[in-house]
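Enquirer:
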Amino acid sequence: MLTMSRIIVVPVLALCLIKGGYFYSILAAVLFIAATFTDFLDGYIARKYEMVSNLGKFLDPLADKLLIVTSLILLIPLDRSPAWIVALIVCRELAVTGLRSIASERNIVIAANWLGKYKTAFQCAAVIPLLIHYTVFGIQFQLAGEFFLWIACFFTLWSGFDYFYGYFESGII
Numbered sequence: 503m504l505t506m507s508r509i510i511v512v513p514v515l516a517l518c519l520i521k522g523g524y525f526y527s528i529l530a531a532v533l534f535i536a537a538t539f540t541d542f543l544d545g546y547i548a549r550k551y552e553m554v555s556n557l558g559k560f561l562d563p564l565a566d567k568l569l570i571v572t573s574l575i576l577l578i579p580l581d582r583s584p585a586w587i588v589a590l591i592v593c594r595e596l597a598v599t600g601l602r603s604i605a606s607e608r609n610i611v612i613a614a615n616w617l618g619k620y621k622t623a624f625q626c627a628a629v630i631p632l633l634i635h636y637t638v639f640g641i642q643f644q645l646a647g648e649f650f651l652w653i654a655c656f657f658t659l660w661s662g663f664d665y666f667y668g669y670f671e672s673g674i675i
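Shown next, in the form of structure tokens:
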């Protein structure tokens, strides 16, 4: 249920970005933060009460990717995120998703590792200030977002290479 709420938030967040302006930028950031919190809460509840399901294993990463990738893509025409960095992030997400599909057909599970968790954390840390964009309380959110986006790009590429390296190292091709 919490995962579905994150998926439902995506078009609302997109509408806020398309609408533009200070109010909608702040609203988009609040929605993104709430969705990110529900991701944490959903994982915690599923593990604590042993409610992990195959549907959840599929929908949870899908919701994460939809939320982050949609936000980053819609920030491009607003000049809040460079298209080339977004393209790298999107390509990595597609490549790793494809790799996981191929691996699962061969009964290999490619579990998320600490690099993937850092990647997601820095992507979220980048998207939130990029959504806000404005200087608020003397904080230059656009600059902070760009800083975290560079770090997110680094971890995105590193984790992608790591997943592929681990798969090919396993000797099952």
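Residue numbering for the sequence shown follows the working numbering, starting at 503 and increasing by one per position. For glycine and all other residues, C-beta sits at the position ideal for the given N, C-alpha and C.
(1) Starting from V638, follow its DSSP beta bridges and name the residues at the other end.
(2) Using CA coordinates, which residue listed in I528, S606 and L564 is at the minimum distance from H635?
(3) Since L577 and L632 are thought to touch, with beta carbons under 8 Å apart, how far apart are those beta carbons, to the nearest angstrom?
(4) Pull up the distance between the alpha-carbon of A654 and that of K621, whole angstroms please.
(5) Assuming D541 contacts D566 (C-beta within less than 8 Å), just tell me the rounded distance between them.
(6) From A627, R602, P579 and F666, pick the residue whose C-alpha is nearest to that of I520; which is it?
(7) Report yes if the CB atom of F534 is closer than 8 Å to the CB atom of L569, and no otherwise.
(8) Evaluate the contact criterion for the region 664-672 versus the region 590-602: three or more CB pairs, one atom per stretch, below 8 Å.
(9) Compute the Euclidean distance between the alpha carbons of F539 and R508, then round it to the nearest angstrom.
(10) If we call anything under 8 Å between Cβ atoms a contact, is L617 one with W660?
(11) How is the alpha helix (DSSP H) around E607 delimited, first residue to last?
(12) From what residue to what residue does the alpha helix (DSSP H) around Y526 run?
(13) Would you kindly report the start and end of the unbroken alpha helix (DSSP H) that includes A565?
(14) Quick one: Cα of V512 to Cα of L574, how far?
(15) Determine the extent of the alpha helix (DSSP H) in which A516 is found, giving its start and end residues.
(16) Let me confirm a value: G522 is counted as buried when at least 16 other C-beta atoms fall within 10 Å, else exposed. Which label applies?
Expert: Inspection of the coordinates gives the following:
(1) I641
(2) I528
(3) 5 Å
(4) 6 Å
(5) 6 Å
(6) P579
(7) yes
(8) yes
(9) 10 Å
(10) yes
(11) A585 to E607
(12) Y524 to K550
(13) N556 to L577
(14) 12 Å
(15) L504 to K521
(16) exposed
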